[in-house]
Amino acid sequence: MERTYAIESLVKDTSLSPQERDIAARVRDGARITTDDALFLYAHGSLSYLGVLANYIREQKNGNNTYFNRNFHVEPTNVCVYSCAFCSYSRLIKQRADGWELTMDQIMDIIKKYDDQPVTEVHFTGGVLPQYDVGFYEELFRRIKAHRPELHIKALTPVEYHYIFKKAKLSYREGLERMRAAGVDSMPGGGAEIFDKDIRDKIAGGKCSTEQWLEIHEIWHELGMRSNATMLYGHIENYAHRVDHLDRLRRLQDKTGGFMTFIPLKFRNKNNQMSHVPEVSLIEDLRNYAVSRIFLDNFDHIKAYWPMIGRDVAQMSMAFGVDDIDGTIDDTTKIYSMAGAEEQNPAMTTREIVNLIRLGGRRPIERDTLYHVIKDYTDEVFPEDNQYRNYEIKIKP
Ligand code: V47
Ligand code: SF4
Numbered sequence: 001m002e003r004t005y006a007i008e009s010l011v012k013d014t015s016l017s018p019q020e021r022d023i024a025a026r027v028r029d030g031a032r033i034t035t036d037d038a039l040f041l042y043a044h045g046s047l048s049y050l051g052v053l054a055n056y057i058r059e060q061k062n063g064n065n066t067y068f069n070r071n072f073h074v075e076p077t078n079v080c081v082y083s084c085a086f087c088s089y090s091r092l093i094k095q096r097a098d099g100w101e102l103t104m105d106q107i108m109d110i111i112k113k114y115d116d117q118p119v120t121e122v123h124f125t126g127g128v129l130p131q132y133d134v135g136f137y138e139e140l141f142r143r144i145k146a147h148r149p150e151l152h153i154k155a156l157t158p159v160e161y162h163y164i165f166k167k168a169k170l171s172y173r174e175g176l177e178r179m180r181a182a183g184v185d186s187m188p189g190g191g192a193e194i195f196d197k198d199i200r201d202k203i204a205g206g207k208c209s210t211e212q213w214l215e216i217h218e219i220w221h222e223l224g225m226r227s228n229a230t231m232l233y234g235h236i237e238n239y240a241h242r243v244d245h246l247d248r249l250r251r252l253q254d255k256t257g258g259f260m261t262f263i264p265l266k267f268r269n270k271n272n273q274m275s276h277v278p279e280v281s282l283i284e285d286l287r288n289y290a291v292s293r294i295f296l297d298n299f300d301h302i303k304a305y306w307p308m309i310g311r312d313v314a315q316m317s318m319a320f321g322v323d324d325i326d327g328t329i330d331d332t333t334k335i336y337s338m339a340g341a342e343e344q345n346p347a348m349t350t351r352e353i354v355n356l357i358r359l360g361g362r363r364p365i366e367r368d369t370l371y372h373v374i375k376d377y378t379d380e381v382f383p384e385d386n387q388y389r390n391y392e393i394k395i396k397p
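Numbering (the working numbering) for the sequence shown: 1 to 397.
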């Protein structure tokens, strides 16, 4: 059945401004909005107006599906040579004794803990330290692939790659080729923070620059590989900085097509040098998802990273452009819980994540990292489901 969309009424609504009606018409027609439009949306778009536009695009691109995967995180260390002001997690080299630094065998023990579980991805996050160099990572990734060849390795950001390749006197291309040969399957979206130089220098000075972050992704894409992109928002940046960030991503995506998903990361203010900066509201989170969805017309997916914003907000975000809520993340990830994230020990069972999506009125689809469908859980019945409550949402096809 042909669906009718609320967007039609926005296009005709004379109580809206001409610019609002014009943007709605362009979104309906699948046309691109400009950076000025995005700035206008951030500054003036009401939550309900943005929601209609973002949801329209979401459903055009991904129907009623919301994707998740079964993954786990490994954090080799929380010690870091850098000291980003927003980071609640890293211990400076000076305070090394307070942190952890896993050996290769300890990392392999974590990998082996998941041997009998149906996870499809391991995601590496964490600090940057000299002993984790090119040789270390090459051997580690080779050992993981020898142990479990089908496990997708999503590993290291341009922050680590820039640091280790420079030390090894390798060009980005040489280094990335070696990482690909060792078993890295995709690159996560971290380290992007905010691309504007002044803001980046203030909150993440010293680590790879915006140009280096973009170049490393560009080369990775040229090697035929895929990656994600993030934006850390809600700190000292303004809307123009966010639009600049999104614009640079959209331009690179026009060139390479290598990004899979965009992940807005809300700044959390606990236990870091920026604790005096208040966090933005839930409304602002939802508006930000929506504007990102509307502006990034060449990104297939927008992800809400639920450990950071909590399960309820992740569920709501599915009405504001989000079609992916990351994974079950069965682990002891500390980076976010230390920053004041909603989830202290983020892990959801498959049943929990499926029900979260289903009660949000969407189709829960398990995917692999590259968005191949593994299983549609829409009609799955879990024997452990609460027998006293029987809320059922009729999922649209
Ligand atoms: O780059 C650190 C962020 C990022 C804080 O690609 C913080 O699928 C908010 O990129 N408040 C790393 N954010 C994590 C990351 C990621 C996460 C999930 C999925 C994927 C993916 C990528 O975490 C860092 C930084 O922007 N971060 N501290 C904080 N206080
Ligand atoms: Fe280190 Fe990353 Fe934290 Fe910056 S955000 S201090 S690079 S762990």
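The C-beta atom is built at its ideal place from N, Cα and C for all residues, glycine as well.
Pick out whichever of the options has its Cα sitting closest to the Cα of residue i.
i	options	result
glycine 360	Met318, Val373 and Pro383	Met318
asparagine 238	Thr34, Glu20, Ala43 and Gly30	Ala43
serine 198	Met187, Pro188, Gly190 and Thr210	Note that residue 198 corresponds to aspartate in the displayed sequence, not to serine. The shortest C-alpha separation from aspartate 198 is found at Thr210.
arginine 178	Asp323, Phe141 and Leu252	Phe141
aspartate 297	Ile33, Ile7, Pro397 and Leu16	Ile33
serine 83	Met274, Ile357 and Met187	Met274
glycine 321	His245, Val81 and Ile263	Ile263
valine 291	Arg21, Leu10, Ser46 and Ala347	Ser46
histidine 123	Cys87, Asp133, Val184 and Glu138	Val184
threonine 125	Gln117, Ile111, Ser9 and Glu160	Glu160
aspartate 379	Gly135, His372, Phe72 and Asn355	Asn355
asparagine 228	Thr77, Lys154 and Asp312	Lys154
proline 18	Tyr5, Phe40 and Ala31	Phe40
aspartate 399	Glu193, Cys208 and Glu279	No statement about residue 399 is possible, as the shown extent of the chain runs from 1 to 397 and does not include it.
serine 306	Ile294, Thr328 and Arg287	Rather than serine, the amino acid found at residue 306 in this sequence is tryptophan. The candidate whose alpha carbon is nearest that of tryptophan 306 is Thr328.
threonine 120	Asp13, His276, Ile374 and Lys396	Ile374
Starting from residue i, trace the alpha helix (DSSP H) in both directions and tell me its first and last residue.
i	result
serine 317	311-317
proline 158	158-167
aspartate 244	239-256
histidine 418	Residue numbering for the chain in the displayed model covers 1 to 397; residue 418 lies beyond these limits and cannot be assessed.
isoleucine 33	Run containing isoleucine 33: none; DSSP gives neither H nor E here.
lysine 12	7-12
isoleucine 353	350-359
Following the continuous beta strand (DSSP E) through residue i, name the residue where it begins and the one where it ends.
i	result
asparagine 271	First-last for asparagine 271: undefined, no H or E at that position.
valine 122	121-124
arginine 363	363-367
isoleucine 374	373-376
glycine 327	324-327
isoleucine 283	It is not in any beta strand (DSSP E) - isoleucine 283 instead sits in the alpha helix (DSSP H) that spans 282-295.
histidine 152	152-154
Comparing the CB of residue i with every heavy atom of ligand 2, is any distance shorter than 7 Å?
i	result
lysine 266	no
tyrosine 82	yes
valine 128	yes
alanine 192	no
cysteine 87	yes
valine 52	no
methionine 207	Contrary to the premise, residue 207 reads as lysine rather than methionine in this sequence. At least one heavy atom of ligand 2 is nearer than 7 Å to the Cβ of lysine 207, so yes.
alanine 204	yes
valine 159	yes
Do residue i and ligand 1 come close, with the Cβ less than 7 Å from some heavy atom?
i	result
isoleucine 263	yes
asparagine 228	yes
glycine 99	no
proline 188	yes
asparagine 272	yes
leucine 232	yes
methionine 179	no
Could you check whether the Cβ of residue i sits closer than 7 Å to any heavy atom belonging to ligand 3?
i	result
serine 90	Of the ligands this structure carries, namely ligand 1 and ligand 2, none is ligand 3.
Checklist entry - Okay, do the region 217-225 and the region 255-270 touch, 3+ Cβ pairs below 8 Å being the bar? => result Yes, they touch.
Next on the checklist: Just to confirm the assignment: which complete alpha helix (DSSP H) runs, minimum length 4, are found wholly within the region 182-230?
Outcome noted: Correct list: 197-204 and 210-222.
Checklist entry - Going along the chain, which unbroken runs of the beta strand (DSSP E) with 3 or more residues stay wholly within the region 43-118? => result Listed in chain order, they are 65-69 and 71-74.
Next on the checklist: Contact between the region 99-117 and the region 355-370 is defined here as three or more beta-carbon pairs at a separation below 8 Å; is this criterion met?
Outcome noted: By the Cβ rule, the region 99-117 does not count as touching the region 355-370, because fewer than three pairs are nearer than 8 Å.
Item to check | Cβ contact (3+ pairs, closer than 8 Å) linking the region 52-68 and the region 136-146 | outcome: Touching, no, given that fewer than three Cβ pairs across the two stretches are closer than 8 Å.
Next on the checklist: If contact is defined by three or more beta carbon pairs under 8 Å, each pair taking one atom from either stretch, is the region 44-59 in contact with the region 97-104?
Outcome noted: The region 97-104, when compared against the region 44-59, does not touch it at the 8 Å Cβ threshold.
Checklist entry - Contact between the region 265-272 and the region 229-246: three or more CB pairs below 8 Å? => result With a cut-off of 8 Å, the region 229-246 and the region 265-272 count as touching, because enough Cβ pairs lie within range.
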